[in-house]
Every structure is written in C-alpha cells, then in structure tokens.
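Visitor: In the working numbering, the protein residues as written are 46 to 179.
Here a beta-carbon is modelled for each residue, glycine too, at the ideal position from N, C-alpha and C.
Before we start, here is the structure in question, set down as structure tokens.
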C-alpha cells in the first residue's frame with residue numbers, strides 16, 4: 046500500500062528541519078540533538094506545530110473525548126488533523142498517543158485549571174440523572 050510518513054516537531058525547536066533548537070513545552074519531543082537511530086530518509090513530510098496548539102488539543106481531547114493525554118499527544122492529534130484536511134478521500138491516518146497526562150499535572154497543560162473546577166458541572170449531571178430516574 047501507499048504509505049506516507051509524516052513527522053512533526055515543535056515549530057520553535059525545529060532541529061530536524063535544520064533550524065536552531067530552542068526550549069519548548071512539548072515534553073518528550075525534540076531533545077537538543079538528533080538520536081543516532083533517527084533515519085530521516087523514511088520521513089516523507091516534516092511539519093512544525095505550535096506548542097499552544099498541542100496543549101489546546103490535549104485539553105480538547107480530555108474535555109470532548111475523555112482521552113487524558115499529554116501535550117505531545119495533543120500535538121500529534123493536531124498534526125494528524127492538519128494532514129487529514131489535505132489527504133485524499135478514503136485515506137487512513139494513524140496517530141500514536143503513547144502517554145497519559147498524569148505526569149503533566151504541574152505543567153502549562155493544566156495552567157488555569159483549578160482542583161474542583163468541574164464540581165458544578167458534575168453536580169448538574171447528577172441532578173439531571175436523578176430527575177430522569179424519578
């Protein structure tokens with residue numbers, strides 16, 4: 046089958062693209078070196094993604110799909126969606142999400158989200174459920 050390998054890297058640390066590496070907030074992506082096992086010849090497309098877009102997608106996956114992932118997984122899904130927009134009809138797109146968000150509770154992924162912030166929402170679901178049961 047025809048396979049296209051798409052890789053993504055933080056836009057502000059695009060080392061594989063030949064740009065200068067900088068600190069970024071997509072943990073697990075793009076250290077400040079290229080590993081010796083990296084074979085860039087298998088990569089057909091190399092895309093850059095903004096770390097904020099990755100964070101926002103991770104939050105969206107949690108809120109809308111119940112998938113609790115880190116920023117790198119959010120960036121992976123955001124990249125896959127970008128690829129899907131221009132892919133031919135009938136294309137199959139695989140995006141691997143090898144991590145959960147538990148280790149990132151103290152990172153910018155959860156900035157502004159306070160403990161108990163969903164208590165009101167949960168209470169509304171409970172009261173809605175109880176009224177349906179009555």
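#1: Would you list, in sequence order, the uninterrupted beta strand (DSSP E) runs of no fewer than 3 residues that lie entirely inside the region 67 to 144?
#2: How is the beta strand (DSSP E) around residue 54 delimited, first residue to last?
#3: Can you find the residues in the same chain that come closer than 6 Å, C-beta to C-beta, to residue 66, ignoring five residues on each side of it along the sequence?
#4: Run the CB neighbour count on residue 54, radius 10 Å, all protein chains shown included, and call it buried at 16 or more, exposed below.
#5: Measuring only the C-alpha atoms, how far is residue 82 from residue 73?
#6: Which whole-angstrom value describes the C-beta separation of residue 89 and residue 49, a residue pair presumed to lie in contact below a C-beta threshold of 8 Å?
#7: Taking all protein chains shown into account, do 16 or more other C-beta atoms lie within 10 angstroms of the C-beta of residue 119, making it buried, or fewer, making it exposed?
#8: Between residue 70 and residue 96, is the Cβ-Cβ spacing less than 8 Å?
Guide: For this structure:
#1: 90 to 94
#2: Position 9 of the chain shown holds residue 54. Start and end: 51 to 55.
#3: Taking the chain shown and counting its residues from 1, one reaches residue 66 at position 21. Excluding positions up to five away in sequence, the list reads 58, 60 and 77.
#4: Numbered from its first residue, the chain shown carries residue 54 at position 9. So residue 54 counts as buried.
#5: As a first step, residue 82 must be located in the chain shown, where it is residue number 37. As a first step, residue 73 must be located in the chain shown, where it is residue number 28. So the alpha carbons of these two residues sit roughly 16 Å apart.
#6: On the chain shown, position 44 is the one that residue 89 refers to. On the chain shown, position 4 is the one that residue 49 refers to. Contact flag correct, Cβ pair sits at about 5 Å.
#7: In the chain shown, the residue the question calls residue 119 occupies position 74. Answer is buried; the Cβ neighbour count reaches 16.
#8: Within the chain shown, residue 70 is the residue found at index 25, counting from 1. Within the chain shown, residue 96 is the residue found at index 51, counting from 1. Yes, the pair counts as a contact, with Cβ atoms nearer than the cut-off.
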